[in-house]
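Asker:
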Amino acid sequence: DVKVTQSSRYLVKRTGEKVFLECVQDMDHENMFWYRQDPGLGLRLIYFSYDVKMKEKGDIPEGYSVSREKKERFSLILESTSTNQTSMYLCASSLPGQGNTIYFGEGSWLTVV
Amino acid sequence: QQQVKQSPQSLIVQKGGIPIINCAYENTAFDYFPWYQQFPGKGPALLIAIRPDVSEKKEGRFTISFNKSAKQFSLHIMDSQPGDSATYFCAASLRQGAQKLVFGQGTRLTINP
């Protein structure tokens, strides 16, 4: 079974604090993704990576950065949180090639106060 | 700009009924159309997917109908059960490039016993 693990499930942060969201997958997948899920907006792609140290911006990269130093690990970094970043963040991974299943983690709920 | 529009936002059906969730897309270059199912507290999981060279795909009680000329596709759930209660997302991606899925807004489905 593919497992995508998001270590922080629930976080509460103050405006301006820095946040690291970590994601680890155990299936040697090349592709990894970070999505943000908001009611009425669906899932929106923040960043994705198709190889170690490679990254590409998704549809909403502003206010976020990512790091992929090892194949199995993809981190989302919020340098200075704002209240509009309160959301659920979903990490995912897949093998390359259209049609390959994208596997999601269980999500990290971030509340910025 | 929402490239994939999903409706309805919420849906309540009696057990045994056939809920139908609709999606419309704009980009004719989309070539892969998956549906994801998400239970509360969990990440989305691939349910069923279709490519535009077929008009229908069935897996168990779940059926995707695809209308290429209308740029629409829909999910039907036959003999719906309370255990089908979840949020459903349609999505689309391009054949070329990385697997960047564009998601619809989501439909919260409730099946009443």
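Chains as they are written, first to last, in this note's numbering: chain W, 1413 to 1525; chain U, 1440 to 1552.
From the three backbone atoms N, C-alpha and C, an ideal C-beta is built for every residue, glycine too.
Note that the structure is predicted; figures quoted are calculated from it, not measured.
Between the alpha carbons of K1481 of chain U and N1506 of chain U, how many angstroms are there, rounded?
Answerer: If you take the alpha carbons of K1481 of chain U and N1506 of chain U, they lie about 31 Å apart.
Asker: Anything in chain U within Cβ reach of S1506 of chain W, meaning under 8 Å, just list it in chain order.
Answerer: Simply Q1538.
Asker: I'd like the span of the beta strand (DSSP E) that includes I1460 of chain U, first residue to last.
Answerer: Counting along the chain, the beta strand (DSSP E) containing I1460 of chain U begins and ends at I1459 to Y1464.
Asker: Run the CB neighbour count on Q1453 of chain U, radius 10 Å, all protein chains shown included, and call it buried at 16 or more, exposed below.
Answerer: With fewer than 16 other Cβ atoms within 10 Å, it is exposed.
Asker: Scan the region 1463-1494 of chain U for residues whose Cβ lies nearer than 9 Å to a Cβ of chain W and list them as they occur along the chain.
Answerer: Here the close residues are D1470, Y1471, P1473, Y1475, Q1477, G1480, K1481, G1482, P1483, A1484, L1485, A1488 and R1490.
Asker: Could you check which residue in W:Q1449, W:S1461, W:F1516 and W:G1454 has the C-alpha nearest to that of Q1497 of chain W?
Answerer: Comparing Cα-Cα distances from Q1497 of chain W to each of W:Q1449, W:S1461, W:F1516 and W:G1454, the minimum goes to W:Q1449.
Asker: Any heavy atom of the ligand MN closer than 7 Å to the CB of S1446 of chain U?
Answerer: Among the components modelled here there is no ligand, and therefore nothing to report on the ligand MN.
Asker: For the region 1444-1452 of chain U against the region 1458-1465 of chain W, are there 3 or more C-beta pairs whose distance is under 8 Å?
Answerer: No, the region 1444-1452 of chain U is not in contact with the region 1458-1465 of chain W.
Asker: Interface residues of chain W around G1543 of chain U at Cβ under 8 Å?
Answerer: The answer, in chain order, is G1454.
Asker: Between F1472 of chain U and I1460 of chain U, how many whole angstroms is the CB-CB distance? I'm expecting something under 8 Å.
Answerer: The Cβ separation is near 13 Å, so there is no contact.
Asker: In the DSSP assignment, find the beta strand (DSSP E) that holds K1444 of chain U and state where it starts and stops.
Answerer: Counting along the chain, the beta strand (DSSP E) containing K1444 of chain U begins and ends at V1443 to S1446.
Asker: Just to check my reading of the structure: K1415 of chain W and D1438 of chain W have Cβ atoms closer than 8 Å, yes? What is that Cβ distance to the nearest angstrom?
Answerer: 5 Å between Cβ atoms; contact.
Asker: Can you tell me whether DSSP reads Q1497 of chain W as helix, strand or coil?
Answerer: Three-state DSSP puts Q1497 of chain W in a helix.
Asker: Are the C-beta of Q1520 of chain U and some C-beta of chain W separated by less than 8 Å?
Answerer: Not one chain W Cβ lies under 8 Å of Q1520 of chain U.
Asker: Could you check whether the region 1473-1482 of chain W touches the region 1507-1517 of chain U, counting it as contact only if at least three pairs of C-beta atoms, one from each stretch, sit closer than 8 Å?
Answerer: As far as the Cβ criterion goes, the region 1473-1482 of chain W does not touch the region 1507-1517 of chain U, which means the pair count is below three.
Asker: Would you kindly report the start and end of the unbroken beta strand (DSSP E) that includes M1444 of chain W?
Answerer: Here the beta strand (DSSP E) through M1444 of chain W covers N1443 to D1450.
Asker: Could you spell out where the beta strand (DSSP E) holding V1431 of chain W opens and where it closes?
Answerer: V1431 of chain W -> beta strand (DSSP E) spans V1431 to Q1437.
Asker: Thinking C-beta only, is P1479 of chain U closer than 8 Å to L1548 of chain U?
Answerer: The answer is no: Cβ separation not under 8 Å.
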